[in-house]
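Asks: Before I ask anything, here is the structure I am working with.
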Amino acid sequence: MPQAHTLRHEFYRLLESHTAGGWCRHAINTFLVLLIIANVGAVLLDDAVATGPQWQPRLQVFAEVSIALFTAEYLCRLWVVVESEQLRGMSPFRARLHYVVSPAGLIDLLAIMPFYFGASLDLRYLRLLRLFWLFKLTRFSPAMQSLAAAVYEERRSFLGALLIVIVLLITSATIMHVLERDAQPEAFGTVLQSMWWAVITLTTVGYGDVVPHTALGKMFGGVCALLGLFMFALPTGIMARAFLEQIKRRDFVVNAQLVSHVPLFAGIGVMRMVEIATMLKPRHVPPLYTVVRQGDPANCMYFILSGELEVQVLPQPVRLQAGDFFGEMGLLDREPRNATVTAVTDTQLLMLEEEDFNKLMRAYPEMRTAIERVAAVRRSMPDTPCAPAPHVVAQPARHKP
Ligand code: CMP
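Per my numbering, residue 2 is the first one in the sequence shown, and the count goes up by one each step.
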């Protein structure tokens, strides 16, 4: 039994964990995303080009294999969700129910259900239903998740904006009905009929199939068109602000997790961590990528979260690893880069720009001392084979300014 639990935990890491799972999780996610895109592409192509009979069996097999894979994915998620940190303390049944009724769980279920229970549905519609697999992409796209979170967060503001829209629609339809009903009884005979004109005008779509004929009607139509501009600016503004807020929040959470892995910032306290997390920007570089080139102006420094880099110094290059930092000398000395630094493996870095570096050094002198200590060790060994600099932890200053 414990072995089954370990296996379940491993599968959870691969399928759900955002911080673990490594390249294997990345590969699974990429495969699922490609499968969705390939299916949507196949449906669109089949629909548009009406592929010949020789393609039909192949497309059918592809669809069936995809459905089987997504079913396996759903069952797997249902099995492993018990391992979720957030659902800890819940019984396995409740944790699984939580997944089933969650937005992501519902999308996963709705994506496969029609193919098992929709035997009576026309095959054409069943095929088109695969287009809705696009919704499954929300799981893999942090931007889409942020958008959904933004809508949820601002639901009250949206409801307010929606109320304004409804009031405006009914009011303008009523006024237009009064102004135009005699001139055009077929289009403005009732308030409900006038509603079509109101919707098309206020949304600034303006099909032009129904237009006011009377002078007063035209004047009022102009006012409505202007009001429409403001009316839709309101929810757009709310959405844009909420989306930006969500992205900032998500970046902050990711950064805060990453910052806690940098030895220099170990034990600096929550408030400082919060401040630093907003300054650091994650960067991912592939092997052989030159991050810093000798002689280039220095405008930032880097902290290594994972991977290995090589500093091209004589008589032999120096390797830097997770926990080390580089690019500090140029900032401290206000000099160009004194060496080239190249990634040896896939590397995850945190970048600190010059302006933020200066701010940080002014605010936390103990951090400056720690960085200067490493720079001094590096400077003192230009002609000897150097070992990577020791991991340094900034000690908080005794007397804070
Ligand atoms: P900078 O001069 O800004 O850019 C190149 C960086 O390489 C430098 O800062 C240091 O961070 C790093 N570096 C230079 N010499 C050494 C060394 N001997 N050992 C480790 N790192 C070094």
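Glycine residues also receive a C-beta, built at the ideal position from the N, C-alpha and C atoms.
What residues match up with Met352 in a beta bridge as DSSP calls it?
Replies: Position 351 of the sequence shown holds residue 352. Lys282 and Tyr303, per the DSSP bridge assignment.
Asks: Would you mind giving the Cβ-Cβ distance between Leu306 and Gln349, rounded to the nearest angstrom? I have them listed as a contact below 8 Å.
Replies: Position 305 of the sequence shown holds residue 306. Position 348 of the sequence shown holds residue 349. With a Cβ gap of about 4 Å, Leu306 and Gln349 count as contacting.
Asks: Excluding the five sequence neighbours on either side, which residues of its own chain have a C-beta within less than 6 Å of the C-beta of Asp384, listed in chain order?
Replies: Here residue 384 corresponds to residue number 383 of the sequence shown, with the count starting at 1. Here Asp384 scores only 48 on pLDDT, less than 50, and its place in the model should not be relied on; the value that follows carries that caveat. Cβ within range, chain order: n/a, list empty.
Asks: Between which two residues does the beta strand (DSSP E) containing Thr341 stretch?
Replies: Looking up residue 341 in the sequence shown gives position 340. Its beta strand (DSSP E) spans residues Thr341 to Ala344.
Asks: With three or more beta-carbon pairs closer than 8 Å as the criterion, would you say the region 220–234 touches the region 132–151?
Replies: The region 220–234 is not in contact with the region 132–151.
Asks: Could you pull the start and end residues of the beta strand (DSSP E) that Val263 belongs to?
Replies: Indexing the sequence shown from 1 puts residue 263 at position 262. Segment: none, Val263 is in no beta strand (DSSP E) and carries neither H nor E.
Asks: Quick one: does the C-beta of Val312 sit closer than 7 Å to a heavy atom of the ligand CMP?
Replies: Counting from 1 along the sequence shown, the entry for residue 312 is found at position 311. Answer for Val312: yes, Cβ within range of the ligand CMP.
Asks: Considering Cα atoms alone, identify which of Phe133, Val102, Glu86 and Val200 is closest to Leu230.
Replies: To locate residue 230, count along the sequence shown from 1; it is residue 229. Of the candidates Phe133, Val102, Glu86 and Val200, the one whose C-alpha sits nearest the C-alpha of Leu230 is Val200.
Asks: For Val314, which three-state DSSP category applies?
Replies: The residue you call residue 314 lines up with position 313 of the sequence shown. In the structure shown, Val314 sits in coil (DSSP, three-state: anything other than H, G, I, E or B).
Asks: Within a Cβ cutoff of 7 Å, which residues of the same chain sit near Leu70, ignoring the five residues on either side of it in sequence?
Replies: Counting from 1 along the sequence shown, the entry for residue 70 is found at position 69. The residues are Leu36.
Asks: When you measure from the CB of Arg338 to every non-hydrogen atom of the ligand CMP, does any distance come out below 7 Å?
Replies: Within the sequence shown, numbered from 1, the residue matching residue 338 stands at position 337. Yes, the Cβ of Arg338 comes within 7 Å of a heavy atom of the ligand CMP.
Asks: Determine the closest residue to Phe94 out of Pro104, Val82 and Gln87, with distance taken between C-alpha atoms.
Replies: As a first step, residue 94 is located in the sequence shown; it is residue number 93 there, counting from the start. Of the candidates Pro104, Val82 and Gln87, the one whose C-alpha sits nearest the C-alpha of Phe94 is Val82.
Asks: CA-CA distance, Met382 and Ile108?
Replies: Along the sequence shown, read from residue 1 onward, the residue named residue 382 stands at position 381. Along the sequence shown, read from residue 1 onward, the residue named residue 108 stands at position 107. Going by the C-alpha atoms only, they are around 59 Å apart.
Asks: Round the Cβ separation of Val192 and Ala174 to the nearest angstrom and send it over; I've been treating them as touching at under 8 Å.
Replies: Locating residue 192 in the sequence shown gives position 191, where the first residue counts as 1. Locating residue 174 in the sequence shown gives position 173, where the first residue counts as 1. With a Cβ gap of about 5 Å, Val192 and Ala174 count as contacting.
Asks: Excluding five sequence neighbours on each side, which residues of the same chain lie with their C-beta closer than 7 Å to the C-beta of Val286?
Replies: Here residue 286 refers to the residue found at position 285 when the sequence shown is read from its first residue. Within the same chain, Val286 has close Cβ partners Val292, Ala344, Thr348 and Leu350.
Asks: Closest by CA to Arg414, which one among Arg14, Glu276 and Asp47?
Replies: Since the first and last residues shown for the chain are 2 and 402, residue 414 lies out of range.
Asks: Return the first residue and the last residue of the alpha helix (DSSP H) that Arg156 is part of.
Replies: Walking along the sequence shown from the start, residue 156 turns up at place 155. Arg156 to Glu181 is the span of the alpha helix (DSSP H), which, as asked, contains Arg156.
Asks: Is it right to say Arg131 is buried, meaning 16 or more other beta carbons lie within 10 angstroms of its own, or is it exposed?
Replies: The residue you call residue 131 lines up with position 130 of the sequence shown. That one is buried.
Asks: DSSP three-state call for Leu293: helix, strand or coil?
Replies: Translated into positions along the sequence shown, residue 293 becomes position 292. Per the sequence shown, residue 293 should be read as Val rather than Leu. Looking at Val293 - three-state DSSP - the assignment turns out to be strand.
Asks: What's the call for Phe253, buried or exposed, on a 16-neighbour Cβ count within 10 Å?
Replies: Translated into the one-based positions of the sequence shown, residue 253 becomes position 252. The residue in question, Phe253, is exposed, as its Cβ has fewer than 16 Cβ neighbours within 10 Å.
Asks: Taking 8 Å as the limit between beta carbons, can you name the residues of its chain near Thr204, skipping five residues before and five after?
Replies: The count along the sequence shown starts at 1 and reaches residue 204 at position 203. Around Thr204: Gly229 and Phe233.
Asks: Contact check, Gly218 vs Leu180 under 8 Å by CB: the rounded distance?
Replies: Taking the first residue of the sequence shown as position 1, residue 218 is located at position 217. Taking the first residue of the sequence shown as position 1, residue 180 is located at position 179. At roughly 4 Å, the Cβ-Cβ gap stays under 8 Å, so Gly218 and Leu180 are in contact.
Asks: Is it buried or exposed, His178, if we count other Cβ atoms within 10 angstroms and call 16 or more buried?
Replies: As a first step, residue 178 is located in the sequence shown; it is residue number 177 there, counting from the start. Classification of His178: buried, given that the 10 Å Cβ count is 16 or more.
Asks: If you run the structure through DSSP and keep just helix, strand and coil, what is Glu309?
Replies: Mapped onto the sequence shown, residue 309 falls at position 308. The answer is strand: DSSP assigns Glu309 an E or B state.
Asks: Apply the 10 Å Cβ neighbour rule to Pro213 and answer buried if 16 or more other Cβ atoms are within range, or exposed otherwise.
Replies: Mapped onto the sequence shown, residue 213 falls at position 212. By the 10 Å Cβ count, Pro213 comes out buried.
Asks: Just reading off the alpha helix (DSSP H) that Leu130 is part of, what are its end residues?
Replies: Taking the sequence shown and counting its residues from 1, one reaches residue 130 at position 129. First-last for Leu130: undefined, no H or E at that position.
Asks: Hey, how far is the Cα of Val44 from the Cα of Thr72?
Replies: Your numbering for residue 44 matches position 43 in the sequence shown. Your numbering for residue 72 matches position 71 in the sequence shown. Each residue's alpha carbon lies about 19 Å from the other.
Asks: Please determine, among Cys301, Asn359, Glu354 and Leu138, the residue with the shortest C-alpha to C-alpha distance to Ile1.
Replies: Beyond the ends of the chain as shown, which are 2 and 402, falls residue 1; an answer cannot be given.
Asks: Closest by CA to Val271, which one among Ser261, Met280 and Leu265?
Replies: Counting from 1 along the sequence shown, the entry for residue 271 is found at position 270. Here the closest residue by C-alpha is Ser261.
Asks: What is the rounded straight-line gap between the Cα of Val66 and the Cα of Gln185?
Replies: Along the sequence shown, one-based indexing puts residue 66 at 65. Along the sequence shown, one-based indexing puts residue 185 at 184. The alpha-carbon atoms of Val66 and Gln185 are separated by roughly 57 Å.
Asks: Can you tell me which of Asp357, Ile68, Pro104 and Pro58 puts its alpha carbon nearest to the alpha carbon of Thr279?
Replies: Within the sequence shown, residue 279 is the residue found at index 278, counting from 1. It is Asp357.
Asks: Could you work out which residue in Gln61, Glu311 and Leu265 is closest to Gly324 when comparing CA atoms only?
Replies: The residue given as residue 324 occupies position 323 in the sequence shown. Cα-wise, what sits closest to Gly324 is Leu265.
Asks: Look at the alpha carbon of Phe189 and the alpha carbon of Ile167, and state the distance between them as a whole number of angstroms.
Replies: Here the question's residue 189 lines up with position 188 in the sequence shown. Here the question's residue 167 lines up with position 166 in the sequence shown. If I take the Cα positions, the gap works out to 18 Å.
Asks: Which residues in the same chain as Arg399 place their Cβ atom closer than 6 Å to its Cβ, once the five residues preceding and following it in sequence are excluded?
Replies: Translated into the one-based positions of the sequence shown, residue 399 becomes position 398. Low confidence applies here, because Arg399 scores a pLDDT of 41, under 50, leaving its location unreliable and the question unanswered by this model.
Asks: Assuming Ala376 contacts Met330 (C-beta within less than 8 Å), just tell me the rounded distance between them.
Replies: Along the sequence shown, read from residue 1 onward, the residue named residue 376 stands at position 375. Along the sequence shown, read from residue 1 onward, the residue named residue 330 stands at position 329. Going by Cβ atoms, the distance from Ala376 to Met330 rounds to 5 Å, so yes, they are a contact pair.
Asks: Please classify Asn40 as buried or exposed, where buried requires at least 16 neighbouring CB atoms within 10 angstroms.
Replies: The residue you call residue 40 lines up with position 39 of the sequence shown. By the neighbour-count rule (16 or more Cβ atoms within 10 Å), Asn40 is buried.
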